[in-house]
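In what follows, a single structure is set out as structure tokens and then discussed.
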Amino acid sequence: MSIRDFLQKWGWKENPFNIVPVRDPEILVGHDEELQRLHAAIMFGGDSIVEGPYGAGKTSLLRCLETYTRDTAHPIYFPRPPTTERELVDKIKRTMGIKEDLTFYSLYDQISESDKKVILLVDEAQKMESGIASYLQDFSDLETSVIVYAALDGFYLQKLPEIHRTLYDRIIEVISLRLLTKDEIKEMIRRRIQSVGGVDFEPFSEEAVELIAEHSQGAPREALKICSSAIIKAITTKKTVIDVSLVEEVISRRPSEILNKIKSLGRREKEVMRLFISRPTITNQDVRSELNISSQAAYNILARLMEKELIEPIQSGEGKGNEYAPKELVKRVLTPDIAERILAT
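Counted from 1, the sequence shown has number 1003 at position 18 by the numbering used here; the numbering is strictly sequential.
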């Protein structure tokens, strides 16, 4: 069966499970309240941060906020923090349709007189460097401009104060994006299918959807990956229905993928992963002490491991700040014997 035949059979315009952010608030699942909180913070003129684990839907939330505010403001989305003044200026000019050549402060003057609020949506903010922070502070000073950051957990407390204390002090809303419930993951799958012309869960059986929701552990990106892999498997094996056995086969390939990912880690990343051999969780302070590095450097390593979906943050109720632990599947795969062997530096 060809891809075209599969799509035509189920009435799909395209694969609904592409790993791309949702931009339509009608398709967004589980984060309606967070969208409204961000909008309220914008209306009050304060900067905000959305934090959450990798694959939790931070980019989709920013993209939906962009759509939600487009009629009344100038939302400007940065897929990653700008690194230079020129990059910042050029992106704002393009988005706002400004043709003339402007310096940063000429643009600053124009924005200060704008009749619409300018909203800078900065994704992957954990990668932001101090060199661009002073320019962002200037925009944050304006009544006509606000900034919304999206970052991995720990950015607000562990990295932003070291990058620029004033930007840290300007934050009025910090949203910790939770993972979705099983029912929300199932609803996300349903809405994705309906968004491309499909019906209900078809061609997935309800039992297959239940297994996907359970295995994803609330991470939208993980659920989308499983769904996409299941579709590819169905097409290549000429199956028209995606049942539990097919999804189980897709999921069974994940352990070897994780081991290969761990083997390819850099030296510092492996040193951090080795800490889990002797303890179930670690903190930024643990990494700082063991590797003799700064808090920001420790956070950067932890952020890279979160981006690679190997560890996740755990909120501590003991006032110790964020703790980090291997993801559940990593725990099952990375036994002490295997860890000693593949994490040798």
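Glycine included, C-beta positions come from ideal geometry on N, C-alpha and C. Given the structure is predicted, the values throughout are model-derived calculations rather than measurements.
Own chain partners of residue i with C-beta closer than 8 Å, once the 5 adjacent residues on each side are dropped
i	result
Y1141	I1034, E1036, Y1153, I1156 and V1159
Y1093	D1123, F1124 and L1127
H1024	L1050, Y1053 and T1054
Presumed contact (8 Å Cβ cut-off) between residue i and residue j, rounded CB distance
i	j	result
V1315	I1243	6 Å
L1287	G1082	No, L1287 and G1082 are not in contact; Cβ-Cβ is about 40 Å, not under 8 Å.
P1006	R1065	Rounded, the Cβ-Cβ distance is 14 Å, inconsistent with contact.
L1290	I1296	5 Å
S1201	I1170	6 Å
L1073	P1060	L1073 to P1060, Cβ: 15 Å. No contact.
Backbone CA spacing between residue i and residue j [nearest angstrom]
i	j	result
R1150	G1116	13 Å
V1103	I1077	9 Å
E1070	E1207	36 Å
I1327	R1264	18 Å
P1067	I1148	14 Å
R1079	S1279	37 Å
F1124	D1032	11 Å
E1234	E1172	23 Å
S1177	A1329	The amino acid occupying residue 1177 in the given sequence is Arg; Ser does not appear at that position. If you take the alpha carbons of R1177 and A1329, they lie about 42 Å apart.
K1167	T1320	28 Å
M1113	A1282	13 Å
K1223	M986	5 Å
G1304	S1213	Low confidence applies to G1304: its pLDDT is 46, below 50, so where it sits in the model is not reliable enough to give any reading.
L1127	R1008	27 Å
T1057	E1308	40 Å
Y1255	V1272	The sequence given here has Lys at residue 1255, not Tyr. Each residue's Cα considered, the two are about 12 Å apart.
L1165	H1016	9 Å
G1030	L1250	41 Å
T1088	W997	47 Å
I1027	S1099	15 Å
V1257	K1084	48 Å
I1211	Q1095	47 Å
E1191	D1086	56 Å
S1241	I1217	19 Å
S1274	D1075	41 Å
Cut-off 7 Å between Cβ atoms - residues of its own chain near residue i, not counting five sequence neighbours on either side
i	result
I940	The question about residue 940 has no answer here: the residues shown for the chain are numbered 986 through 1330.
K1312	E1294, L1295, I1296 and E1297
I1132	D1032, L1105, V1107, L1121, F1124 and S1125
R1175	D1185 and F1186
R1022	E1158 and I1160
R1239	L1314
D990	none
A1310	P1265, T1266, I1296, E1297 and I1299
Closest residue to residue i among the options (Cα-Cα distance)
i	options	result
T1052	P1038, V1235, L1020 and R1326	L1020
L1046	L1127, V1014 and R1177	V1014
D1322	I1174, Q1095, A1204 and I1262	I1262
D995	Q1179, M1113, R1317 and R1008	The sequence shown places Trp at residue 995, not Asp. Per the Cα distances, Q1179.
V1229	L1162, I1012, T1088 and L1196	L1196
E1018	R1163, Q1270, S1241 and N1285	R1163
A1193	I1236, A1204, S1161 and G1203	I1236
I1012	Q1143, G1042 and E1085	G1042
K1144	R1239, E1275 and Q1270	Q1270
I1247	S1099, T1088 and V1318	V1318
R1252	R1239, R1238, S1241 and L1276	L1276
Q993	A1310, L1087, D1100 and T1225	T1225
Y1062	A1110, L1087 and G1030	A1110
R1055	K1101, K1084 and N1245	K1101
P1146	W997, Y1284 and F1089	Y1284
CB of residue i within 8 Å of CB of residue j, strictly
i	j	result
T1129	S1091	no
G1183	P1010	no
A1135	T1044	yes
A1204	V1232	no
A1324	R1259	yes
Spatial neighbours of residue i in its chain, beta-carbon cut-off 6 Å, leaving aside the 5 residues before and after
i	result
E999	V1181
L1209	F1002 and I1004
K1039	Per the sequence shown, the amino acid found at residue 1039 is Tyr instead of Lys. Excluding positions up to five away in sequence, the list reads M1291, E1292 and E1294.
I1227	P1188, F1189, A1193, A1215 and A1219
Cutoff 8 Å: residue i Cβ touching any chain C Cβ
i	result
R1326	Note that chain C does not occur in the displayed structure, where there is just one protein chain.
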